[in-house]
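Input: a single structure, listed below in structure tokens.
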Amino acid sequence: LMERVNEQQVLQDINASFEFLNANLTEDTNLERTTRNAHAVIGFGMGGSLAIKTAALRRRLQAAVAICATLPTDAELAQRLYCPLLLQTPGKSVLNSAEEQDQFCQTAKQAGKTVEVKTYPEASDEFWQSSTPAYRASDLEKTLQTSIDFINRIINKTP
-2 LMERVNEQQV LQDINASFEF LNANLTEDTN LERTTRNAHA VIGFGMGGSL
48 AIKTAALRRR LQAAVAICAT LPTDAELAQR LYCPLLLQTP GKSVLNSAEE
98 QDQFCQTAKQ AGKTVEVKTY PEASDEFWQS STPAYRASDL EKTLQTSIDF
148 INRIINKTP
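Using this note's numbering, you'd call the opening residue of the sequence shown number -2 and step up by one each time.
Shown next, in the form of structure tokens:
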């Protein structure tokens, strides 16, 4: 699916979504609890890969969470992160090697960027998809709570 997607168009659409939120705060009562530029992005699988790229493109993004994402082959992208990134990875992943993950995190750290990693040792790449045999409800629940806690900590600036 990722090969058939126009990635640039998807990234533009993600950016447009944030701009829509900012532009319509005063007119839309559904957005009354939304704060201008207090945005984060969460993505699973292909969406996680796009979340990483969004974190490297959108200067005003506050936080990004990538779950079961394929890390970018461009390691320099890690140097361009504009916000803290949480990588949540399955311990039995075939998408990224431990070396690739370490390289990405090390490159980000050397550039002064924040990348946190949470690993679910018994999970495989599709643990979050309820329609697959790899589905692990307990790990998915932990993943979602960890994502919410990370974003709240970053946006609310709590330790």
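We treat Cβ as the ideally placed atom computed from N, Cα and C, and that holds for glycine.
- According to the DSSP assignment, Lys139 belongs to the alpha helix (DSSP H) that extends over 134 to 152.
- Here the alpha carbons of Pro87 and Leu141 stand approximately 14 Å from one another.
- Within the model, the alpha-carbon separation for Ala53 versus Val2 is close to 19 Å.
- The beta carbon of Asn93 sits closer than 6 Å to the beta carbons of Leu68 from its chain, once the five residues preceding and following it are set aside; these are given in chain order.
- Closest by C-alpha distance to Gln103, out of Val91, Val62, Pro118, Gln76, is Gln76.
- Per DSSP, the continuous alpha helix (DSSP H) segment holding Gly45 begins and ends at 43 to 54.
- Cβ-Cβ separation between Ala35 and Ile152: approximately 5 Å, consistent with a contact (criterion under 8 Å).
- Excluding five sequence positions before and after Thr51, the CB atoms of its chain that fall closer than 6 Å to its own CB belong to Ile11, Val38, given in chain order.
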